[in-house]
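Everything on this sheet refers to the single structure shown next.
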Amino acid sequence: MEENPRPFVQINNLPKIGDFCFTLNPKERHRITAFNQTTATVKEPRISQYEYLDQEKTSHLLNLKTSKEIYDFIASTLSNHSKGRPKDLFIQLISDVTKFCQSRAFDVEKTATVLSQFYQTHLYFTSGLQVSAEKIYIYFKELMMCHSLPFPPAQKKVFSVKEAKDILEFFCKIYLRNLPLVKYLCMPNFALYLNYEIPPRPVLHSTDKKKGKKGTDRSDKKKAKKSAK
C-alpha cells in the first residue's frame, strides 16, 4: 500500500448526494429538476375535436402540399414556445400525422380530431416522469373511443371502425415505439456521480527467498548425514 494515497477526485459544480433525496422543505425543492412539475394541463379523455387547431387552421393545413410548407405552418402555431429539441420533435410529429391524414383523405373534422389526440397524448406523456408506456396507450385508446362510439354527449362517432384501427396502429408505430427517444429529447435526464476512486491493489511481497533458504538448509543436513555414515 502507498504511504500517501492519492486524494479522491473531486468534481466541482455537482449536486450532493443529499440533493437527490426527498426534502420536506418546499423552498429547496425547486433547485432539483426532478422535483419540478410541468405547467402543462393534462385533461381527462373526452370529446376534443379542435383542442389543437381550430377549423380554419386545420383546413389551411390540409391544403398544403409540400413537407416544408406543412413544417413551417406548424412551427408558426408554436411561436410562443421556446426553441429546442422538444419543439422540433413535436413539429415533426404533427407533420407526420398531417401527412397520414392527407393520405387517408380525411376531412377537416377528422384531421382536427386526430391532431388533437396526438397533441393531448404528447402533453400527457411529457407531464411527468412516472407516465409509462401502458398509461400512454390506454390514454390514447380512450381518446379514440370518445370519437368512435355513437353515445352522446360523452362520445361522438367521428371515425369508422376501420379508421379507428388504422389510427391506433399508426399511433403505435410512430409514437409508442419511439417513447424512449421522445423521453430523452423532451424530458430532463439525470446521472448520479460518485466522487470515489478505487484504491490501488496492495503490493504482495514474494516468499520465494524464504522457501529457497529452507530448501538449502534441508539439503545441507542430508549431505551431512551421508558423510557421517
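Numbering (UniProt numbering), first residue to last: 1 to 229.
C-beta: ideal position from N, C-alpha, C; glycine also.
A quick note: this is a predicted structure, and the numbers were derived from the prediction, not measured.
Of the listed residues 117, 182, 130, 200, nearest to residue 164 (C-alpha basis):
One-based indexing of the sequence shown puts residue 164 at position 164. The shortest Cα separation from residue 164 among 117, 182, 130, 200 belongs to 117.
Helix, strand or coil: which one does DSSP assign to residue 151?
One-based indexing of the sequence shown puts residue 151 at position 151. Note: residue 151 maps to coil in three-state DSSP.
With 16 as the cutoff for other CB atoms within 10 Å, does residue 66 come out buried or exposed?
In the sequence shown, counting from the first residue as 1, residue 66 sits at position 66. Residue 66 comes out exposed.
Count the other C-beta atoms from every protein chain shown that fall within 10 angstroms of the C-beta of residue 55, then say buried if there are 16 or more, exposed otherwise.
By 1-based counting over the sequence shown, the position of residue 55 is 55. Per the 10 Å Cβ criterion, exposed.
Do the CB positions of residue 62 and residue 102 come within less than 8 angstroms of each other?
Translated into the one-based positions of the sequence shown, residue 62 becomes position 62. Translated into the one-based positions of the sequence shown, residue 102 becomes position 102. Taking 8 angstroms as the Cβ cut-off, residue 62 and residue 102 qualify as a contacting pair.
Less than 8 angstroms between the CB atoms is what I'm expecting for residue 74 and residue 91, so what's the real figure, rounded?
On the sequence shown, position 74 is the one that residue 74 refers to. On the sequence shown, position 91 is the one that residue 91 refers to. The pair is a contact, with the Cβ atoms about 5 angstroms apart (cut-off 8 angstroms).
Excluding the 5 residues preceding and the 5 following residue 133 in the sequence, name in chain order all residues of the same chain whose CB lies nearer than 7 angstroms to its CB.
On the sequence shown, residue 133 is found 133 positions in, with the first residue counted as 1. Around residue 133: 176, 179.
Other residues of its chain near residue 52: CB distance less than 6 angstroms, five sequence neighbours each side excluded
Within the sequence shown, numbered from 1, the residue matching residue 52 stands at position 52. Sequence-distant partners of residue 52 (beyond 5 residues in either direction) whose C-beta falls short of 6 angstroms from its own C-beta, in its chain, are 115, 116, 119.
In chain order, each alpha helix (DSSP H) run of at least 4 residues that lies wholly inside the segment 55–94
55–62, 67–76
Residue 147 classed as buried or exposed, judged by whether at least 16 other C-beta atoms fall within 10 angstroms
One-based indexing of the sequence shown puts residue 147 at position 147. Flag for residue 147 reads buried.
If I'm right that residue 59 touches residue 108 with Cβ under 8 angstroms, what's the distance once you round it to whole angstroms?
Position 59 of the sequence shown, counted from the start, is the residue given in the question as residue 59. Position 108 of the sequence shown, counted from the start, is the residue given in the question as residue 108. Yes, residue 59 and residue 108 are in contact; Cβ-Cβ is about 5 angstroms, under 8 angstroms.
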